[in-house]
Each structure stands twice: as C-alpha cells, then as structure tokens.
Amino acid sequence: MSPVPKPAAAYPATRLRRPRAHAWSRALFAEVTLSPADFIWPLFVTEGKGERTAVPTMPGVERLSVDLVAEAAKEAEGLGIPCIALFPNTPADRRTADGREALNPDNLTCRAIKAIKDAAPGIGVLTDVALDPYTTHGHDGLLSDDGRILNDETIEMLQGQALVQARAGADIIAPSDMMDGRIGAIRKVLEAGSFHDVQIMSYAAKYASAFYGPFRDAVGSGGFLKGDKKTYQMNPANADEALREVALDIAEGADSVMVKPGMPYLDVIARVKDAFNIPVFAYQVSGEYAMLETAARAGLIERDRMIIEALMAFRRAGCSGILTYYARDAARLLG
C-alpha cells in the first residue's frame, strides 16, 4: 500500500477543499469510478414457468424460473451489466447425499445457462461449483460416515460439475466449495475437454461467516445444513492465510479470485490486490444486502446514496468487480 505523501505546502497554500467545491471538480478528481460494467448480478433459479417467488429474508430479491431468468439477462444486457451469476433452488426430491443432480446436464443451472445464451448471447454467465444446492445435508462436499468433509472425493464431483456447466455454455466457472486442490483439478479437466477459454474465478478467500443465512434460504439449503462449515471455510480471524489461499489458486490456474463476504473483509481485498495485482472480486453477500436493505426500508439510511457508497467501497479497496444483488438498481442509478 502506497504511503501517504506529505503536502508540498501547508495551509493556506494547500486547501484540500478546493477540488470539492463543485460537482464537476469532484468528478474530475475522483480516484476510482463505478459503472454498470463493474457488476455481476446474482440470480436465484427455481422450477416452473412464469414463476416469481419472493425470498423473505432478502427484501426485493426473488427466485425466478428459467424463462424469467432469460428476461432478466436481457434487461441486464440493456443496462450494461456484463455478467449474470446463477444459483439454483434445487427441489428437495432431487437432493441426495452425494449431490448427483449437480452432474445432470438438464439441471436448473444448465437450463438457465442455455436460456440466457439464447436470449442475451452477449452477456457472460458465471456458475457456482459446489455441492450444497444439491445435497441433503447442505454441505459443499461429500460427507464420510462420521460427518467429515471428504476433500479429494469431493473434487472428483466438482470436476464433473464444472464440465457439465462448461458444456452448457458457462463462461466463468466459480468454485465456492473451498476444497484444497480443486482449482488445479478443474483446470485440468477443462483443458482436457478443450474448454480453453472458460475462465475460473476462484472463491479463494471464503470465510465461515454469519452473513450467509439469507442466501441459504434462497437456494433452499438452510434447512438441510447439518453442523457448520468451519472445517473448510476460512476463520474470520485470519488474513495472512487468505494470501496463502490466493497464491495457491493462482498457481493452479485461477484467472481471477474472490473474497467473500465483502464489506467485513475490505482489508483482505486490499491486501490481495496489493500482493498479487490479479483481478479481485468481492461478493456483497446476502446478509450484507439484507442488513442494508432492511435499514433503507425502515427509513434509517438514504437508499440510493447507500447503494452507490457501499459499492464504491469495494472499488476503492481494489476490486475489479462486485457480485451484488443491487446490480440492477445500481446500474439504473448510474444511468
């Protein structure tokens, strides 16, 4: 991080308020900018047609059927949002202990990818690679008989899941499982399958956070989760460890990395950017969104200004882009 230089001259020769006096000047002197091109819009996919279901713990966010996801993608393209992220709400009767629905080429995610590519071929599609939307226990990986997460066996499933998504047309594979070695393994099968241009955005520093609750409600895994995810997601006390995670994922073939959650870990974002100068993304997660949106709806904060200020914080910390449920609203505000 660059040191703050001493002013060339003391007050009153130096008056830092001068550039703040006019709107044009504030814009001219802005150190970072924010535009719709900085956003990835997460969408929750559900079964049905014309189906739009509110997520009670995320005011203003809905689960959408595949046809409505395609419509949302067209809207995003028109607003200048470059990428959609997909998260399926898998029906309970298709969840199994081994999460094998993740390998189904006709699952919700794969149908949504194809629908988006038909409706808005110019927009990118990012897909989540992890087993929690497909398992009866709500964990991101396979479980042993005594309840341990099986790292290496899970990786084989993730390889298959990544291939299924790439074949359906996914542009960015985003492993969120936090298994050791999964980036290299996924890169290997993508290369072997001639998916040379499919990117990997690694959830490299994903913390065992209290901010994920509403997301688990949205994808239907919250009621299934047995125990917690502290043995594979990161300890919120650790930042140095995040740099090790990022270094490993870059070495294994990640094109970009993600820090999750976002705002409580702005320090980690800044350290990752300074250390590696690689594209870094943040996920403004469901709990962050729900907290801010609830406060705005209660009249405690000015909603439009809050949205832009919160997203600007990620850019200021060093993010190339942000996964945010505010993507559409922010794009409209930015014009």
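Going by our numbering, the sequence shown wraps up at 478, each residue one higher than the last.
By construction, the Cβ of each residue, glycine as well, lies at the ideal position given by its N, Cα and C atoms.
Exercise for the section: Work out the CA separation of R158 and G221 for me, nearest whole Å. Expected result: For this step, residue 221 is matched to residue 78 along the sequence shown. For this step, residue 158 is matched to residue 15 along the sequence shown. Computed Cα separation, rounded: 42 Å.
Exercise for the section: Evaluate the contact criterion for the region 421 to 433 versus the region 341 to 356: three or more CB pairs, one atom per stretch, below 8 Å. Expected result: Segments in contact, yes.
Practice task
Could you pull out every residue in the same chain whose Cβ sits closer than 7 Å to the Cβ of D392, ignoring the five residues on either side in sequence?
Solution key: Residue mapping note: residue 392 aligns to position 249 of the sequence shown, counting from 1. So the qualifying residues of the chain are I326, S345, A347, V400.
Problem - Short Cβ contact (7 Å threshold) for R169 with R163 - result: The residue labelled residue 169 in the question sits at position 26 within the sequence shown. The residue labelled residue 163 in the question sits at position 20 within the sequence shown. Cβ atoms of R169 and R163: closer than 7 Å.
Handout entry: Through-space distance from R330 to G191, alpha-carbon basis
Key = Here the question's residue 191 lines up with position 48 in the sequence shown. Here the question's residue 330 lines up with position 187 in the sequence shown. Cα to Cα, the separation comes out at about 33 Å.
Practice task
Identify the continuous beta strand (DSSP E) that holds F182 and give its terminal residues.
Solution key: Position 39 of the sequence shown, counted from the start, is the residue given in the question as residue 182. 182 to 189 is the span of the beta strand (DSSP E), which, as asked, contains F182.
Exercise for the section: Pick helix, strand or coil for G483, following the three-state DSSP scheme. Expected result: The shown model of the chain, from 144 to 478, leaves out residue 483, and the question about it has no answer.
Handout entry: Spatially closest choice to M434 from D320, V362, Y469, by CA coordinates
Key = Here residue 434 corresponds to residue number 291 of the sequence shown, with the count starting at 1. Nearest C-alpha to M434: Y469.
Practice task
Would you kindly check if the distance between the Cβ of A216 and the Cβ of A152 is under 7 Å?
Solution key: Residue 152 sits at position 9 when you count from the first residue of the sequence shown. Residue 216 sits at position 73 when you count from the first residue of the sequence shown. No; because the gap between Cβ atoms is not below 7 Å, this pair is not in contact.
Problem - Distance between D271 and S319 (C-alpha atoms, nearest Å) - result: In the sequence shown, counting from the first residue as 1, residue 319 sits at position 176. In the sequence shown, counting from the first residue as 1, residue 271 sits at position 128. Approximately 6 Å between the Cα atoms of the pair.
Exercise for the section: Could I get the ranges of all uninterrupted alpha helix (DSSP H) runs contained in the region 318 to 388, with 4 residues as the minimum, in chain order? Expected result: For the region 318 to 388, whole alpha helix (DSSP H) runs of length 4 or above, ordered along the chain, are 325 to 335, 356 to 362.
Problem - Length-filtered (3 minimum) beta strand (DSSP E) runs lying within the region 154 to 230 - result: Uninterrupted beta strand (DSSP E) stretches at least 3 residues long and entirely within the region 154 to 230 occur at 182 to 189, 195 to 197, 205 to 208, given in chain order.
Problem - Secondary structure of D398, DSSP reduced to three states - result: The count along the sequence shown starts at 1 and reaches residue 398 at position 255. In the structure shown, D398 sits in coil (DSSP, three-state: anything other than H, G, I, E or B).
Exercise for the section: Inspect the CB distances between the region 302 to 318 and the region 243 to 253 and report whether three or more fall short of 8 Å. Expected result: Yes: the two stretches touch, three or more of their Cβ pairs being nearer than 8 Å.
Exercise for the section: Out of F367, D371, E395, Y408, point me to the one whose CA is closest to A382's CA. Expected result: What you label residue 382 is simply residue 239 of the sequence shown in a count that begins at 1. Residue Y408 is the option with its Cα nearest to A382.
Practice task
Please report how far the alpha carbon of A474 lies from the alpha carbon of D288, in whole angstroms.
Solution key: Taking the first residue of the sequence shown as position 1, residue 474 is located at position 331. Taking the first residue of the sequence shown as position 1, residue 288 is located at position 145. A direct Cα-to-Cα measurement between A474 and D288 gives close to 47 Å.
Problem - A245 to H165 span [Cα, whole Å] - result: Translated into the one-based positions of the sequence shown, residue 245 becomes position 102. Translated into the one-based positions of the sequence shown, residue 165 becomes position 22. Just so you know, the alpha carbons of A245 and H165 end up roughly 54 Å apart.
Practice task
Have a look at D241 and L285 and give me their C-alpha separation to the nearest angstrom.
Solution key: By one-based count along the sequence shown, residue 241 stands at place 98. By one-based count along the sequence shown, residue 285 stands at place 142. CA-to-CA, the gap between D241 and L285 works out to about 6 Å.
Exercise for the section: Taking I224 as the reference, give the member of V332, L186, T200, T239 with the closest Cα. Expected result: If you number the sequence shown from 1, residue 224 lands on position 81. The shortest C-alpha to C-alpha distance from I224 to any of V332, L186, T200, T239 is the one to L186.
Practice task
Using only alpha-carbon positions, find the residue among E388, A460, G464, D360 that is nearest to T200.
Solution key: Residue 200 sits at position 57 when you count from the first residue of the sequence shown. For the residues E388, A460, G464, D360, the minimum Cα distance to T200 belongs to D360.
Exercise for the section: Enumerate, from N- to C-terminal direction, the unbroken beta strand (DSSP E) stretches of 3 or more residues contained entirely within the region 403 to 469. Expected result: The qualifying runs are 423 to 427, 464 to 467.
Problem - Neighbour-count burial assignment, D323, 16 or more Cβ in a 10 Å radius - result: By one-based count along the sequence shown, residue 323 stands at place 180. By the neighbour-count rule (16 or more Cβ atoms within 10 Å), D323 is not buried but exposed.
Handout entry: Beta-carbon proximity list for P231, same chain, < 6 Å, skipping 5 on both sides
Key = In the sequence shown, the residue the question calls residue 231 occupies position 88. If you ignore the 5 residues before and after P231, its C-beta comes within less than 6 Å of the C-beta of V188, L251, T252, P276, all in its own chain and listed in chain order.
Exercise for the section: Report the option in V204, F424, M406 whose CA atom is closest to the CA atom of F358. Expected result: Within the sequence shown, the letter at position 215 stands for residue 358. Checked all of V204, F424, M406; the closest Cα to F358 is V204.
Exercise for the section: Could you tell me the boundaries of the alpha helix (DSSP H) in which D275 lies? Expected result: The count along the sequence shown starts at 1 and reaches residue 275 at position 132. Counting along the chain, D275 falls outside any alpha helix (DSSP H), and DSSP gives it neither H nor E.
Problem - One or two residues paired with G267 in a DSSP bridge - result: Taking the sequence shown and counting its residues from 1, one reaches residue 267 at position 124. G267 pairs with C226.
Practice task
Can you tell me which of A228, D261, H282 puts its alpha carbon nearest to the alpha carbon of G363?
Solution key: Here residue 363 corresponds to residue number 220 of the sequence shown, with the count starting at 1. For G363, the nearest C-alpha among the options comes from H282.
Practice task
Use the C-beta contact count for A394: other C-beta atoms within 10 angstroms, 16 or more gives buried, fewer gives exposed.
Solution key: The count along the sequence shown starts at 1 and reaches residue 394 at position 251. By the 10 Å Cβ count, A394 comes out exposed.
Handout entry: Buried or exposed (CB count within 10 angstroms, at least 16 for buried), Y350
Key = Position 207 of the sequence shown, counting from 1, holds the residue named residue 350. Under this definition Y350 is a buried residue.
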